[in-house]
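First comes the structure, then the notes that go with it.
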Ligand SMILES: [Fe+2]
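Numbering (this note's numbering), first residue to last: -18 to 555.
Structure follows, in structure tokens:
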């Protein structure tokens, strides 16, 4: 049985394919059309998913989209009544999108250029139910509490519940216009980070500041006695004025959503590119601390209600790896599962599993242990690309490959590492990565000067052998998708300065031999040379979506000042 899942008309448009309950392929549209966070219809991603199982669309049994415009319709209408003079931009944009979701069958046929009839049954899965399914149904847990925490989807910002077997019971939700994701986005805009997905930069800025504005942020967003919270709407525009938003085929854009009240309370907003002051750092620190308070409050209530000590987490806020890492320290939850594409891209996976497990009541048999669900290229295909380039190249055996790369990293080179299937989700996890030596503090600036050009305050992340985590970090729970931040042990901070953030933390990827043997071997070879089982891992790109094909990797190598490139078993040097 083939099920296609789609996230469309929403940030990070994506497609996923599940065959008999097993996830075979999942990928974001941005990797094909090269538009970051692209929000249109994921036609190329769908084509890839079909190719991965070698079927045509006519052979699909089910197609599920992670949107249901009819969900919460009454609430939407009630909210809109009385505001018709001044319709919220968000509502207008969402209504326009809703119309597209209704024509999914035609849109799919058009996008794939099909004339034949699709026999598939079509399903709409409510956004947050798709998020909940995207973590719980592919988790290793038979029972778990679930929290989906987000900006908005289908009029809801946050939903929580319990998963047991193939059942997901919703216990509660927070409705539009209240959203912790919106608080993070609005504050990021105020701080001069207006792009879609910029919230992660503010999370990286927070450790430089002191949370001096907790009183203000406790006024901006207030908890209730249950899991929920409410915004002080005086600080926001999204609910009242026309906020320009676009969810077309390009990168999504969101107009200003913080109100003048932010300026009254904190002073003038920062324009992008203006210098950052301690005020900005302190606001970022307060925002992050308040986000953690809100989330831990919700999680504690959820734990009291469910008495479960395992948690599955999804939604855009689940990318807040600083918060994620602190959950076991601040709540009664002991184990946390976050899947690699915790944000909207992952709802394509959730929609598939919702149909397979919940609607069709098929047993769960699949655990999403890694993110390697995208396109791959055999050495035979890569060879043509390598031969067409003007670089010196050599073909290496598997053993030579990881040894040569480890030696280059230890020598202080910037190494492009392109192997196997591309990652699903925003993190490069050792298949489309740039890898350097974490022992050299200067590598951060070198990487920024030569390739990444990121703001200097943003940290770079470590990949560590799973079996060595306890030697370097205060917590040891695996973090295979780089979605947990832990404290680096005091005595190791000077050993790996390039991946230790200003507050002594690191957003680590734990690398298991079972899920990525080649990357595990590379780090093992690096350890053999240096005694350190850690490398610095950043995504293989330069201000663009992560590279997908060998041609794009070679092109990035050419454009930037990377030193050495490993494409499959080929080594290319300048
Ligand atoms: Fe979402």
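Just so you know, even glycine gets a beta-carbon here, dropped at the ideal spot from N, CA and C. In this text the structure is predicted, and so the values were computed from the model without any measurement.
Where residue i and residue j are concerned, what is the direct C-alpha to C-alpha distance, given to the nearest angstrom?
{"i": "residue 535", "j": "residue 546", "result": "8 angstroms"}
{"i": "residue 550", "j": "residue 530", "result": "15 angstroms"}
{"i": "residue 90", "j": "residue 322", "result": "26 angstroms"}
{"i": "residue 474", "j": "residue 156", "result": "43 angstroms"}
{"i": "residue 399", "j": "residue 307", "result": "32 angstroms"}
{"i": "residue 436", "j": "residue 524", "result": "12 angstroms"}
{"i": "residue 66", "j": "residue 275", "result": "The predicted position of residue 66 is uncertain, since its pLDDT is 45 and thus under 50; no value can be drawn from it."}
{"i": "residue 189", "j": "residue 487", "result": "14 angstroms"}
{"i": "residue 60", "j": "residue 152", "result": "22 angstroms"}
{"i": "residue 516", "j": "residue 365", "result": "30 angstroms"}
{"i": "residue 552", "j": "residue 518", "result": "18 angstroms"}
{"i": "residue 305", "j": "residue 454", "result": "15 angstroms"}
{"i": "residue 33", "j": "residue 6", "result": "7 angstroms"}
{"i": "residue 271", "j": "residue 84", "result": "41 angstroms"}
{"i": "residue 116", "j": "residue 331", "result": "7 angstroms"}
{"i": "residue 460", "j": "residue 451", "result": "12 angstroms"}
{"i": "residue 340", "j": "residue 413", "result": "36 angstroms"}
{"i": "residue 334", "j": "residue 316", "result": "22 angstroms"}
{"i": "residue 93", "j": "residue 326", "result": "20 angstroms"}
Looking at the structure shown, is residue i part of a helix, part of a strand, or coil, going by DSSP?
{"i": "residue 398", "result": "strand"}
{"i": "residue 338", "result": "helix"}
{"i": "residue 66", "result": "Residue placement at residue 66 is flagged as unreliable, the pLDDT there being 45, under the threshold of 50; a coordinate-derived value is accordingly withheld."}
{"i": "residue 109", "result": "helix"}
{"i": "residue 20", "result": "coil"}
{"i": "residue 471", "result": "helix"}
{"i": "residue -14", "result": "strand"}
{"i": "residue 148", "result": "strand"}
{"i": "residue 103", "result": "strand"}
{"i": "residue 15", "result": "coil"}
{"i": "residue 0", "result": "strand"}
{"i": "residue 31", "result": "helix"}
{"i": "residue 300", "result": "helix"}
{"i": "residue 210", "result": "strand"}
{"i": "residue 460", "result": "coil"}
{"i": "residue 225", "result": "coil"}
{"i": "residue 406", "result": "coil"}
Would residue i and residue j qualify as a contact pair, given that the criterion is a beta-carbon distance under 8 angstroms?
{"i": "residue 104", "j": "residue 134", "result": "no"}
{"i": "residue -13", "j": "residue 36", "result": "no"}
{"i": "residue 636", "j": "residue 544", "result": "Since the first residue of the chain shown is -18 and the last is 555, residue 636 is not available in this structure."}
{"i": "residue 58", "j": "residue 336", "result": "no"}
{"i": "residue 559", "j": "residue 419", "result": "A question about residue 559 goes unanswered here, because the residues of the chain that appear run from -18 up to 555."}
{"i": "residue 183", "j": "residue 268", "result": "yes"}
{"i": "residue 391", "j": "residue 287", "result": "no"}
{"i": "residue 466", "j": "residue 302", "result": "yes"}
{"i": "residue 130", "j": "residue 53", "result": "no"}
{"i": "residue 409", "j": "residue 396", "result": "no"}
{"i": "residue 514", "j": "residue 449", "result": "yes"}
{"i": "residue 424", "j": "residue 416", "result": "no"}
Tell me the residue span of the alpha helix (DSSP H) that contains residue i.
{"i": "residue 269", "result": "259 to 287"}
{"i": "residue 453", "result": "450 to 453"}
{"i": "residue 352", "result": "Looking at the DSSP string, residue 352 is not in any alpha helix (DSSP H), and its letter there is neither H nor E."}
{"i": "residue 90", "result": "85 to 93"}
{"i": "residue 217", "result": "Run containing residue 217: none; DSSP gives neither H nor E here."}
{"i": "residue 171", "result": "161 to 171"}
{"i": "residue 385", "result": "379 to 391"}
{"i": "residue 428", "result": "424 to 428"}
{"i": "residue 360", "result": "360 to 369"}
{"i": "residue 245", "result": "241 to 247"}
{"i": "residue 183", "result": "180 to 186"}
Would you give the residue range spanned by the beta strand (DSSP E) that residue i belongs to?
{"i": "residue 43", "result": "43 to 46"}
{"i": "residue 295", "result": "291 to 295"}
{"i": "residue 491", "result": "486 to 492"}
{"i": "residue 540", "result": "Premise fails: residue 540 lies in the alpha helix (DSSP H), 531 to 540, not in any beta strand (DSSP E)."}
{"i": "residue 544", "result": "Run containing residue 544: none; DSSP gives neither H nor E here."}
{"i": "residue 551", "result": "551 to 554"}
{"i": "residue 445", "result": "442 to 446"}
{"i": "residue 496", "result": "Where residue 496 is concerned, there is no enclosing beta strand (DSSP E), given that its DSSP letter is neither H nor E."}
Spell out a yes or no on whether the segment 224 to 238 and the segment 152 to 161 are touching, meaning 3 or more CB-CB pairs, one atom from each, closer than 8 angstroms. no
Stretch pair the segment 185 to 200 + the segment 264 to 280: three plus CB contacts closer than 8 angstroms: yes
Does the structure place the segment 289 to 309 close enough to the segment 378 to 386 that three or more beta carbon pairs sit under 8 angstroms? no
Inspect the CB distances between the segment 166 to 176 and the segment 239 to 257 and report whether three or more fall short of 8 angstroms. yes
Decide yes or no for the touch test of the segment 239 to 251 against the segment 211 to 226: beta carbon pairs closer than 8 angstroms, at least 3 of them. yes
Could you check whether the segment 310 to 325 touches the segment 340 to 356, counting it as contact only if at least three pairs of C-beta atoms, one from each stretch, sit closer than 8 angstroms? Under the Cβ criterion (8 angstroms, minimum of three pairs), the segment 310 to 325 counts as touching the segment 340 to 356.
Pairing CB atoms from the segment 355 to 364 with CB atoms from the segment 497 to 506, are three or more of them under 8 angstroms? no
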